[in-house]
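Beneath this line is the structure, given in C-alpha coordinates, with notes to follow.
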Amino acid sequence: MMACIQSRLRWTRLSTTRLTQPSLPRAYRRHISTLNSSAASLDIPGHTVTLPSGRLLGYHTSGPTTGTPVLYIHGHPDSGLTITGQLETRAAERLGIRWIGPDRPGVGLSTPYDAQTVLDYPSDIQSLVEHLGLKSYYILGTSGGTGFALACAKDLPRSQVGAVGICAGVGPYECGFDSMVEPQRKALEAWRDYPAEFKAYYESEYVPLARQNDIAALADKIRGEFEAGFSGADREALLEESAFAAAVKTLRQAWVQGAWAHAKGMELHWRPWGFALEDVAFPGVRLWYASRDGSTTSVMGRFMADRLPRSVYKEFPGDSHFTIWRDGNLQEMLRDLLGAGDP
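As C-alpha coordinates, then:
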(Lines of atoms letter the chains of each structure in order from A and count residues from 1; the text may use other names and numbers.)
(Lines give C-alpha, C1' and ligand atoms only; values in the text may rest on other atoms or scores of the structure.)
Protein backbone atom coordinates (compact mmCIF):
# COMPACT_ATOMS: atom_id res chain seq x y z
CA MET A 1 0.00 0.00 0.00
CA MET A 2 1.18 3.49 0.85
CA ALA A 3 4.75 4.34 1.67
CA CYS A 4 5.85 6.70 4.43
CA ILE A 5 8.81 9.04 4.00
CA GLN A 6 11.89 8.19 6.08
CA SER A 7 15.62 8.05 5.54
CA ARG A 8 15.80 4.29 5.84
CA LEU A 9 13.18 1.67 5.10
CA ARG A 10 9.99 2.86 6.83
CA TRP A 11 7.30 1.97 4.33
CA THR A 12 4.13 -0.13 4.43
CA ARG A 13 4.38 -1.88 1.12
CA LEU A 14 6.69 -2.80 -0.41
CA SER A 15 1.37 -13.13 -16.12
CA THR A 16 5.30 -13.09 -15.33
CA THR A 17 7.39 -11.58 -18.14
CA ARG A 18 11.10 -11.08 -18.73
CA LEU A 19 12.70 -7.78 -19.68
CA THR A 20 12.34 -8.05 -23.44
CA GLN A 21 11.09 -5.40 -25.83
CA PRO A 22 10.26 -5.00 -29.51
CA SER A 23 11.76 -1.78 -30.92
CA LEU A 24 12.75 0.78 -28.31
CA PRO A 25 15.02 3.81 -28.77
CA ARG A 26 18.71 3.03 -28.29
CA ALA A 27 18.96 4.38 -24.72
CA TYR A 28 15.99 2.31 -23.60
CA ARG A 29 17.29 -0.80 -25.37
CA ARG A 30 20.66 -0.36 -23.69
CA HIS A 31 19.08 -0.09 -20.25
CA ILE A 32 16.91 -3.18 -20.65
CA SER A 33 19.76 -5.15 -22.20
CA THR A 34 21.96 -4.27 -19.23
CA LEU A 35 19.33 -5.43 -16.77
CA ASN A 36 18.79 -8.63 -18.75
CA SER A 37 22.50 -9.44 -18.74
CA SER A 38 22.90 -8.73 -15.02
CA ALA A 39 19.81 -10.69 -14.04
CA ALA A 40 19.27 -13.09 -16.90
CA SER A 41 17.25 -15.55 -14.85
CA LEU A 42 15.26 -12.97 -12.90
CA ASP A 43 11.51 -13.16 -13.35
CA ILE A 44 9.75 -9.86 -12.72
CA PRO A 45 5.96 -9.95 -12.31
CA GLY A 46 3.79 -7.92 -14.62
CA HIS A 47 2.56 -7.26 -18.13
CA THR A 48 3.84 -4.52 -20.43
CA VAL A 49 2.59 -2.09 -23.02
CA THR A 50 4.90 -0.12 -25.31
CA LEU A 51 4.19 3.61 -25.08
CA PRO A 52 4.36 5.99 -28.08
CA SER A 53 7.76 7.19 -26.79
CA GLY A 54 9.11 3.64 -27.01
CA ARG A 55 9.25 3.21 -23.25
CA LEU A 56 7.75 0.13 -21.64
CA LEU A 57 5.00 0.58 -19.06
CA GLY A 58 4.63 -2.35 -16.68
CA TYR A 59 1.31 -3.05 -15.01
CA HIS A 60 -0.52 -5.59 -12.86
CA THR A 61 -4.11 -6.76 -12.60
CA SER A 62 -6.18 -8.62 -10.03
CA GLY A 63 -9.82 -9.27 -9.28
CA PRO A 64 -12.59 -10.37 -11.65
CA THR A 65 -11.87 -9.48 -15.28
CA THR A 66 -15.46 -8.28 -15.67
CA GLY A 67 -15.26 -6.09 -12.57
CA THR A 68 -15.33 -2.31 -12.38
CA PRO A 69 -11.83 -1.06 -13.30
CA VAL A 70 -9.99 0.79 -10.52
CA LEU A 71 -6.52 2.14 -11.29
CA TYR A 72 -4.18 2.03 -8.29
CA ILE A 73 -1.62 4.86 -8.43
CA HIS A 74 1.21 3.82 -6.13
CA GLY A 75 3.56 5.76 -3.87
CA HIS A 76 7.29 5.09 -3.45
CA PRO A 77 9.04 2.89 -2.86
CA ASP A 78 5.98 1.00 -4.01
CA SER A 79 4.54 -0.73 -7.05
CA GLY A 80 1.28 -1.54 -8.76
CA LEU A 81 1.97 -5.09 -7.56
CA THR A 82 0.34 -4.00 -4.29
CA ILE A 83 -3.06 -4.80 -5.80
CA THR A 84 -2.25 -8.53 -5.88
CA GLY A 85 -2.03 -8.78 -2.09
CA GLN A 86 -4.57 -10.77 -0.08
CA LEU A 87 -6.19 -7.64 1.34
CA GLU A 88 -6.68 -6.04 -2.06
CA THR A 89 -7.81 -9.30 -3.65
CA ARG A 90 -10.47 -9.79 -0.96
CA ALA A 91 -11.79 -6.29 -1.56
CA ALA A 92 -11.87 -6.89 -5.30
CA GLU A 93 -13.84 -10.11 -4.97
CA ARG A 94 -16.33 -8.66 -2.49
CA LEU A 95 -16.95 -5.44 -4.39
CA GLY A 96 -16.60 -6.67 -7.97
CA ILE A 97 -13.48 -4.61 -8.71
CA ARG A 98 -10.90 -5.19 -11.41
CA TRP A 99 -7.71 -3.72 -10.02
CA ILE A 100 -5.17 -2.30 -12.47
CA GLY A 101 -1.82 -1.25 -11.01
CA PRO A 102 0.66 0.47 -13.33
CA ASP A 103 4.32 0.75 -12.32
CA ARG A 104 5.90 4.17 -12.74
CA PRO A 105 9.17 4.61 -14.66
CA GLY A 106 12.01 2.55 -13.23
CA VAL A 107 9.74 0.26 -11.21
CA GLY A 108 9.35 -3.40 -12.19
CA LEU A 109 9.19 -3.62 -15.98
CA SER A 110 8.69 0.12 -16.61
CA THR A 111 11.52 1.89 -18.41
CA PRO A 112 13.26 4.66 -16.43
CA TYR A 113 12.71 8.18 -17.73
CA ASP A 114 15.15 10.83 -16.51
CA ALA A 115 12.98 13.78 -17.54
CA GLN A 116 9.93 12.42 -15.74
CA THR A 117 7.50 14.98 -14.33
CA VAL A 118 4.16 14.58 -12.62
CA LEU A 119 2.35 16.02 -15.64
CA ASP A 120 3.81 13.33 -17.94
CA TYR A 121 1.85 10.65 -16.17
CA PRO A 122 -1.67 11.08 -17.61
CA SER A 123 -0.45 10.29 -21.13
CA ASP A 124 1.10 7.04 -19.87
CA ILE A 125 -2.18 6.11 -18.22
CA GLN A 126 -4.17 7.02 -21.33
CA SER A 127 -1.99 4.65 -23.37
CA LEU A 128 -2.59 1.89 -20.82
CA VAL A 129 -6.33 2.53 -20.81
CA GLU A 130 -6.44 2.31 -24.60
CA HIS A 131 -4.31 -0.85 -24.57
CA LEU A 132 -6.75 -2.49 -22.15
CA GLY A 133 -9.78 -1.23 -24.06
CA LEU A 134 -11.31 0.46 -21.02
CA LYS A 135 -14.29 2.67 -21.69
CA SER A 136 -14.46 3.88 -18.10
CA TYR A 137 -12.56 3.49 -14.84
CA TYR A 138 -11.94 4.90 -11.38
CA ILE A 139 -8.66 6.18 -9.92
CA LEU A 140 -7.28 5.61 -6.42
CA GLY A 141 -3.98 7.28 -5.56
CA THR A 142 -2.03 6.66 -2.37
CA SER A 143 0.78 8.41 -0.48
CA GLY A 144 3.47 9.61 -2.90
CA GLY A 145 1.16 8.86 -5.83
CA THR A 146 -1.09 11.81 -4.98
CA GLY A 147 0.26 14.29 -7.52
CA PHE A 148 0.16 11.69 -10.29
CA ALA A 149 -3.45 10.77 -9.48
CA LEU A 150 -4.53 14.42 -9.40
CA ALA A 151 -2.73 15.08 -12.69
CA CYS A 152 -4.86 12.28 -14.14
CA ALA A 153 -7.98 13.91 -12.67
CA LYS A 154 -6.93 17.14 -14.33
CA ASP A 155 -5.99 15.87 -17.78
CA LEU A 156 -7.72 12.57 -18.57
CA PRO A 157 -11.08 12.67 -20.39
CA ARG A 158 -13.87 13.45 -17.94
CA SER A 159 -16.15 11.10 -19.85
CA GLN A 160 -13.91 8.15 -18.93
CA VAL A 161 -13.14 8.81 -15.26
CA GLY A 162 -15.92 7.93 -12.84
CA ALA A 163 -14.32 9.25 -9.66
CA VAL A 164 -10.93 9.96 -8.11
CA GLY A 165 -9.84 9.19 -4.56
CA ILE A 166 -6.71 9.88 -2.53
CA CYS A 167 -5.78 7.73 0.47
CA ALA A 168 -3.18 9.12 2.89
CA GLY A 169 -1.75 11.32 0.16
CA VAL A 170 1.28 13.57 0.46
CA GLY A 171 0.49 17.24 -0.07
CA PRO A 172 1.97 19.40 -2.83
CA TYR A 173 5.18 21.34 -2.39
CA GLU A 174 3.16 24.51 -1.73
CA CYS A 175 1.58 22.90 1.32
CA GLY A 176 4.97 22.41 2.93
CA PHE A 177 6.05 19.61 5.23
CA ASP A 178 5.95 21.28 8.65
CA SER A 179 2.98 19.14 9.71
CA MET A 180 5.03 15.94 9.48
CA VAL A 181 6.49 14.50 12.66
CA GLU A 182 10.09 15.61 13.05
CA PRO A 183 11.86 12.35 12.12
CA GLN A 184 9.85 12.11 8.90
CA ARG A 185 10.39 15.73 7.97
CA LYS A 186 14.12 15.62 8.67
CA ALA A 187 14.46 12.44 6.63
CA LEU A 188 12.68 14.06 3.69
CA GLU A 189 14.99 17.06 3.99
CA ALA A 190 17.97 14.71 4.08
CA TRP A 191 16.83 13.12 0.82
CA ARG A 192 16.69 16.63 -0.65
CA ASP A 193 20.16 17.57 0.61
CA TYR A 194 21.99 14.26 0.04
CA PRO A 195 20.19 12.47 -2.81
CA ALA A 196 23.26 10.76 -4.21
CA GLU A 197 24.23 9.35 -0.83
CA PHE A 198 20.75 7.98 -0.14
CA LYS A 199 20.50 6.48 -3.61
CA ALA A 200 23.90 4.84 -3.13
CA TYR A 201 22.76 3.43 0.21
CA TYR A 202 19.75 1.71 -1.33
CA GLU A 203 21.82 0.54 -4.30
CA SER A 204 24.21 -1.08 -1.85
CA GLU A 205 21.86 -2.42 0.82
CA TYR A 206 18.62 -3.36 -0.97
CA VAL A 207 19.04 -3.60 -4.73
CA PRO A 208 21.35 -6.66 -4.67
CA LEU A 209 18.84 -8.47 -2.46
CA ALA A 210 15.94 -7.43 -4.71
CA ARG A 211 17.73 -8.97 -7.69
CA GLN A 212 17.78 -12.43 -6.13
CA ASN A 213 15.02 -14.84 -7.07
CA ASP A 214 15.10 -16.12 -3.48
CA ILE A 215 13.74 -13.16 -1.55
CA ALA A 216 14.44 -14.59 1.91
CA ALA A 217 17.43 -12.29 2.50
CA LEU A 218 15.46 -9.23 1.44
CA ALA A 219 12.58 -10.29 3.69
CA ASP A 220 14.94 -10.69 6.65
CA LYS A 221 16.39 -7.22 6.12
CA ILE A 222 12.98 -5.58 5.81
CA ARG A 223 11.68 -7.46 8.85
CA GLY A 224 14.61 -6.19 10.88
CA GLU A 225 13.87 -2.62 9.79
CA PHE A 226 10.20 -2.93 10.73
CA GLU A 227 10.97 -4.50 14.10
CA ALA A 228 13.53 -1.82 14.94
CA GLY A 229 11.51 1.13 13.72
CA PHE A 230 7.96 0.49 14.90
CA SER A 231 5.97 -0.55 17.94
CA GLY A 232 2.37 -1.23 18.92
CA ALA A 233 -0.35 -1.24 16.27
CA ASP A 234 2.00 -0.02 13.54
CA ARG A 235 4.41 -2.90 14.03
CA GLU A 236 1.54 -5.38 14.22
CA ALA A 237 0.08 -4.07 10.94
CA LEU A 238 3.42 -4.15 9.14
CA LEU A 239 4.39 -7.63 10.35
CA GLU A 240 1.02 -9.34 9.87
CA GLU A 241 1.91 -12.38 7.78
CA SER A 242 0.05 -11.67 4.54
CA ALA A 243 0.71 -7.92 4.66
CA PHE A 244 4.42 -8.47 5.24
CA ALA A 245 4.69 -10.99 2.40
CA ALA A 246 2.98 -8.52 0.06
CA ALA A 247 5.27 -5.71 1.23
CA VAL A 248 8.41 -7.69 0.47
CA LYS A 249 7.21 -8.57 -3.04
CA THR A 250 6.21 -4.99 -3.72
CA LEU A 251 9.47 -3.50 -2.47
CA ARG A 252 11.42 -6.02 -4.53
CA GLN A 253 9.50 -4.75 -7.55
CA ALA A 254 10.38 -1.17 -6.62
CA TRP A 255 14.13 -1.90 -6.37
CA VAL A 256 14.77 -4.65 -8.89
CA GLN A 257 15.95 -2.17 -11.55
CA GLY A 258 17.93 -0.20 -8.98
CA ALA A 259 17.20 2.71 -6.65
CA TRP A 260 16.57 5.21 -9.47
CA ALA A 261 12.77 5.20 -9.16
CA HIS A 262 12.90 5.51 -5.37
CA ALA A 263 15.26 8.49 -5.61
CA LYS A 264 13.23 10.09 -8.39
CA GLY A 265 10.08 9.88 -6.31
CA MET A 266 11.76 11.60 -3.39
CA GLU A 267 13.15 14.28 -5.71
CA LEU A 268 9.69 15.07 -7.03
CA HIS A 269 8.49 15.87 -3.50
CA TRP A 270 10.67 18.98 -3.66
CA ARG A 271 9.22 20.22 -6.94
CA PRO A 272 5.85 21.80 -7.68
CA TRP A 273 3.58 19.35 -9.47
CA GLY A 274 3.22 21.74 -12.39
CA PHE A 275 -0.40 22.67 -11.77
CA ALA A 276 -2.45 24.37 -9.08
CA LEU A 277 -4.98 22.32 -7.14
CA GLU A 278 -7.59 24.86 -8.22
CA ASP A 279 -6.85 23.87 -11.84
CA VAL A 280 -8.14 20.35 -11.22
CA ALA A 281 -11.65 20.87 -12.53
CA PHE A 282 -12.67 17.29 -11.78
CA PRO A 283 -15.36 17.64 -9.09
CA GLY A 284 -15.75 15.66 -5.91
CA VAL A 285 -12.30 14.15 -5.37
CA ARG A 286 -12.45 11.90 -2.28
CA LEU A 287 -9.73 12.35 0.34
CA TRP A 288 -9.25 9.79 3.13
CA TYR A 289 -6.77 10.42 5.93
CA ALA A 290 -5.71 8.88 9.23
CA SER A 291 -5.82 11.05 12.34
CA ARG A 292 -2.50 9.63 13.66
CA ASP A 293 -0.58 9.80 10.39
CA GLY A 294 2.66 11.68 10.99
CA SER A 295 3.85 11.31 7.39
CA THR A 296 1.01 12.21 5.05
CA THR A 297 -0.86 14.26 7.60
CA SER A 298 -4.45 15.40 7.89
CA VAL A 299 -3.11 18.95 7.48
CA MET A 300 -2.05 17.98 3.96
CA GLY A 301 -5.43 16.42 3.30
CA ARG A 302 -7.35 19.48 4.45
CA PHE A 303 -5.04 21.76 2.46
CA MET A 304 -6.01 19.90 -0.70
CA ALA A 305 -9.67 19.56 0.27
CA ASP A 306 -9.93 23.34 0.62
CA ARG A 307 -8.68 23.82 -2.95
CA LEU A 308 -10.12 20.94 -4.95
CA PRO A 309 -13.64 21.70 -6.23
CA ARG A 310 -16.44 20.04 -4.24
CA SER A 311 -13.99 17.61 -2.67
CA VAL A 312 -15.09 15.28 0.13
CA TYR A 313 -12.74 14.81 3.09
CA LYS A 314 -12.95 11.97 5.62
CA GLU A 315 -10.67 11.20 8.55
CA PHE A 316 -10.32 7.79 10.20
CA PRO A 317 -9.85 8.39 13.93
CA GLY A 318 -7.08 6.46 15.64
CA ASP A 319 -5.53 5.15 12.43
CA SER A 320 -2.00 5.82 11.19
CA HIS A 321 -0.26 5.69 7.83
CA PHE A 322 0.18 1.98 8.43
CA THR A 323 -3.26 1.01 9.74
CA ILE A 324 -5.61 3.00 7.50
CA TRP A 325 -5.16 0.49 4.65
CA ARG A 326 -7.04 -2.46 6.20
CA ASP A 327 -10.11 -4.51 5.39
CA GLY A 328 -12.94 -2.40 6.76
CA ASN A 329 -11.41 0.94 5.83
CA LEU A 330 -10.36 -0.13 2.34
CA GLN A 331 -13.79 -1.48 1.50
CA GLU A 332 -15.41 1.68 2.86
CA MET A 333 -13.14 3.84 0.72
CA LEU A 334 -13.80 1.76 -2.38
CA ARG A 335 -17.57 1.84 -1.85
CA ASP A 336 -17.32 5.60 -1.45
CA LEU A 337 -15.24 5.86 -4.62
CA LEU A 338 -17.58 3.70 -6.69
CA GLY A 339 -20.61 5.55 -5.35
CA ALA A 340 -19.15 8.93 -6.28
CA GLY A 341 -19.49 8.54 -10.02
CA ASP A 342 -21.10 6.61 -12.82
CA PRO A 343 -18.61 6.35 -15.69
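Quick note on numbering: the sequence shown equals residues 1 to 343 in UniProt numbering.
The C-beta atom is built at its ideal place from N, Cα and C for all residues, glycine as well.
- Around the beta carbon of Lys-135, fewer than 16 other beta carbons sit within 10 angstroms, so the residue counts as exposed.
- The Cβ atoms of Tyr-137 and Ala-163 lie no closer than 7 Å to each other.
- Arg-192 and Asn-329 have their alpha carbons spaced roughly 33 Å apart.
- Around the beta carbon of Ala-216, fewer than 16 other beta carbons sit within 10 angstroms, so the residue counts as exposed.
- Membership of Arg-192 in any beta strand (DSSP E) is not indicated; the residue belongs instead to the alpha helix (DSSP H) covering 182-193.
- Among the bridge pairs identified by DSSP, Arg-98 is matched with Pro-69.
- Bridge pairing for Ile-166: Gly-141 and Leu-287 [DSSP].
- Its chain contains Gly-171 and Cys-175 as the residues whose beta carbon lies nearer than 6 Å to that of Phe-303, once the 5 sequence neighbours on both sides are disregarded; these appear in chain order.
- Each of Ala-261, Arg-94, Tyr-194 and Gly-96 was checked against the Cα of Val-107, and the nearest Cα belongs to Ala-261.
- Taking Phe-148 as the centre and dropping the five residues before and after it, the same chain places the C-beta of Ile-73, Arg-104, Val-118, Tyr-121 and Gly-141 closer than 8 Å to its C-beta, in chain order.
- In terms of Cα proximity to Val-280, the closest of Asp-220, Thr-146, His-76 and Leu-337 is Thr-146.
- Asp-114 and Ala-259 have their C-alpha atoms roughly 13 Å apart.
- Taken in chain order, the complete alpha helix (DSSP H) segments of 4 or more residues contained in the segment 233-292 are 241-255 and 260-269.
- Distance from the CA of Arg-286 to the CA of His-269, rounded to the nearest whole angstrom, comes to 21 Å.
- Residue environment analysis places Pro-309 among the exposed positions, since fewer than 16 neighbouring C-beta atoms fall within 10 angstroms of its C-beta.
- Secondary structure at Thr-82: helix, using DSSP grouped into helix, strand and coil.
- Under the Cβ criterion (8 Å, minimum of three pairs), the segment 224-235 does not count as touching the segment 192-202.
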